[in-house]
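Quick note on the working numbering: the sequence shown kicks off at -6 and runs consecutively.
For every residue, glycine included, the Cβ atom is placed at its ideal position computed from N, Cα and C.
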Amino acid sequence: PDDKKDVVATGFTLETVYFDFDESALTEAGRKSLDANAKWLQSNGTVRVRLTGHTDERGSTEYNLALSDRRADSVRRYLSTVGIDGTRMNAVPYGEERPASFGSSEKDHALNRRVEFEVME
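The structure is reproduced here in structure tokens:
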């Protein structure tokens, strides 16, 4: 059997990576998520991904776009260091434009400080 199809058929979801307030540095939990994602990407060597960077609503539009870009870049750099070819990854900053949670509590803000993975066909 084709291993690639078997892995994709299992419904594996690439993990979202979350960040601390006003940070683009990876946390220990973020590195753990990325290690799981890297394993899947290594097993699916032709898959390309879009890394979408996000922030919470605090800060100016310009600042948040730059911060979300740094977050996506941190994820791309980490994955590159564990053997994922950089040409398979495309980073896109969205700032606060695509919230995962629409409230204004700290829990909502924490859910919005993230990098998500989108498999590109």
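Query, Result
"Can you tell me where the alpha helix (DSSP H) with residue 54 in it begins and where it stops?", "54 to 74"
"If contacts are defined as beta-carbon pairs under 8 Å, then residue 65 and residue 84 qualify, I think. What distance do you get, rounded to the angstrom?", "4 Å"
"Within 10 Å of its beta-carbon, does residue 12 have 16 or more other beta-carbons around it, so buried, or fewer, so exposed?", "buried"
"Rounding to the nearest angstrom, what Cα-Cα distance links residue 22 and residue 8 in this structure?", "11 Å"
"Near residue 33, which residues of its chain fall below 6 Å by C-beta distance, leaving aside the five closest residues on each side in sequence?", "5"
"Helix, strand or coil for residue 44? Go by DSSP, reduced to three states.", "strand"
"Please name the residue in 103, 107, 112 and 48 whose C-alpha comes closest to that of residue 24.", "107"
"What residue range is occupied by the uninterrupted beta strand (DSSP E) comprising residue 88?", "82 to 88"
"Using only alpha-carbon positions, find the residue among 57, 48 and 28 that is nearest to residue 119.", "Examination of residue 119 is not possible in this model, given that the chain is present from -6 through 114 alone."
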